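In the working numbering, the protein residues as written are 1 to 138.
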C-alpha cells in the first residue's frame with residue numbers, strides 16, 4: 001500500500017513560524033511559550049468544566065487518572081520509595097578474620113569474594129556446607 005504524504009508541518013517550518021511569531025509579538029521565546037501554555041491551559045480547563053458530564057464513566061476515570069499522574073510531579077522529580085540507607089541495615093554476614101560485615105543486600109563486597117576460595121573458607125565450609133558466608137553473631 002503506498003504511503004500517504006504527511007500533512008503535519010515539518011520541524012523547519014515550525015521553527016520558522018515560531019521565529020515569525022516571536023518577531024511579531026515583540027516577546028522573547030520563553031515569554032511567548034509561557035503565554036501559549038497559559039492559553040492552552042485555560043482552553044483545556046473550559047472544555048473539561050463544560051463537557052465533563054458528557055464523557056462516559058470510563059473516559060472520566062481516564063481523564064482523572066491522567067490529571068492525577070501528570071499533576072503529582074514530573075518523572076524526574078516524582079517521589080521514589082524511601083530507600084533504607086546501607087548504614088541502617090543490620091549486618092547478616094561477617095568475616096571473623098577481618099571483621100568485614102555485609103547486610104546481604106546489593107553486590108557482594110570484594111572482601112567476601114576474595115575470602116571465597118581461600119584455605120580459611122574451605123575449612124569453614126566443611127563445617128557449614130549449607131551457608132555461603134558466616135552469619136553475623138548477634
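Beta carbons: idealized from backbone N, C-alpha and C, even for Gly.
Bear in mind that the values here come from a model prediction, so they are computed numbers and not experimental data.
Would you report the Cα separation of residue i and residue j, rounded to the nearest angstrom?
i           : j           : result
residue 132 : residue 125 : 8 Å
residue 112 : residue 122 : 13 Å
residue 64  : residue 50  : 15 Å
residue 95  : residue 81  : 32 Å
residue 91  : residue 102 : 5 Å
residue 130 : residue 93  : 14 Å
residue 33  : residue 61  : 30 Å
residue 20  : residue 26  : 10 Å
residue 140 : residue 89  : With the chain covering only 1 through 138, there is no way to say anything about residue 140.
residue 69  : residue 45  : 17 Å
Could you tell me if the beta carbon of residue i falls within a distance shorter than 7 Å of some heavy atom in the ligand ZN?
i          : result
residue 28 : This structure lacks the ligand ZN; in fact it carries no ligand of any kind.
Helix, strand or coil, according to DSSP, for residue i in the structure here?
i           : result
residue 30  : helix
residue 135 : strand
Note to self: Just to confirm the assignment: which complete alpha helix (DSSP H) runs, minimum length 4, are found wholly within the stretch 41–129?
What the structure shows: 57–72, 110–115 and 119–127
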